[in-house]
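Engineer:
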Amino acid sequence: MSKIRLCAALWAMTTIILSFLLFLLPGGSAIVSAALTLSALVLAAPAPFLAKTRATRIRVALAAVIYVIGLGGAIVLGYLAEMQLMALGLIGLFALVGLGLAGWAWTTRNRRPKPGWAGYYDPQ
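Residue numbers (the numbering used here): 319 to 442.
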């Protein structure tokens, strides 16, 4: 789970960089950048905390799902603000990566510690 949390935190930072770049481009929208930044902060929120129980692992997966929903909303806002299709496609690509993170986190939610193997989690 630590790899998932690390990837989620790095992807959140990349999303924040994207939001600033999309804001600076001609035709960029401040509300789209705000939606991207807010979604990235939601994705990064569970990163500093250990996720050893099932409930905390589900929180990591839910943060990734909320990130994808937020990026979907950013795409809709960008379409309404008449942003370029290339920028909307890039946001969609970021949402697909977030969907992959959500799937990865969801598949590891039922793992439990295996006795004698420090830090190794075995599926139930």
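Where is the CB? At the ideal position from N, CA and C, for every residue including glycine.
Roughly how many angstroms lie between the CA atoms of Arg427 and Gly391, to the nearest whole one?
Structural biologist: Position 109 of the sequence shown, counted from the start, is the residue given in the question as residue 427. Position 73 of the sequence shown, counted from the start, is the residue given in the question as residue 391. Those two C-alpha atoms are separated by around 26 Å.
Engineer: For the structure I just gave you, are there three or more beta carbon pairs, one from the segment 322 to 342 and one from the segment 401 to 417, closer than 8 Å?
Structural biologist: Three or more Cβ pairs drawn from the segment 322 to 342 and the segment 401 to 417 lie within less than 8 Å of each other, which places the two stretches in contact.
Engineer: Specify the secondary structure class of Ala392 as computed by DSSP and reduced to three states.
Structural biologist: Working through the sequence shown from its first residue, we reach residue 392 at position 74. Helix.
Engineer: Along the alpha helix (DSSP H) that carries Arg323, what are the first and last residues, could you check?
Structural biologist: Along the sequence shown, one-based indexing puts residue 323 at 5. Arg323 -> alpha helix (DSSP H) spans 320 to 342.
Engineer: Does Ala353 pass the burial test, meaning 16 or more other C-beta atoms within 10 Å, or should it be called exposed?
Structural biologist: Along the sequence shown, one-based indexing puts residue 353 at 35. Ala353 comes out buried.
Engineer: When the distance is taken between beta carbons, is Gly416 closer than 8 Å to Val386?
Structural biologist: Residue numbering aside, residue 386 sits at position 68 when the sequence shown is read from its first letter. Residue numbering aside, residue 416 sits at position 98 when the sequence shown is read from its first letter. Yes, Cβ-Cβ distance for Val386 and Gly416 is below 8 Å.
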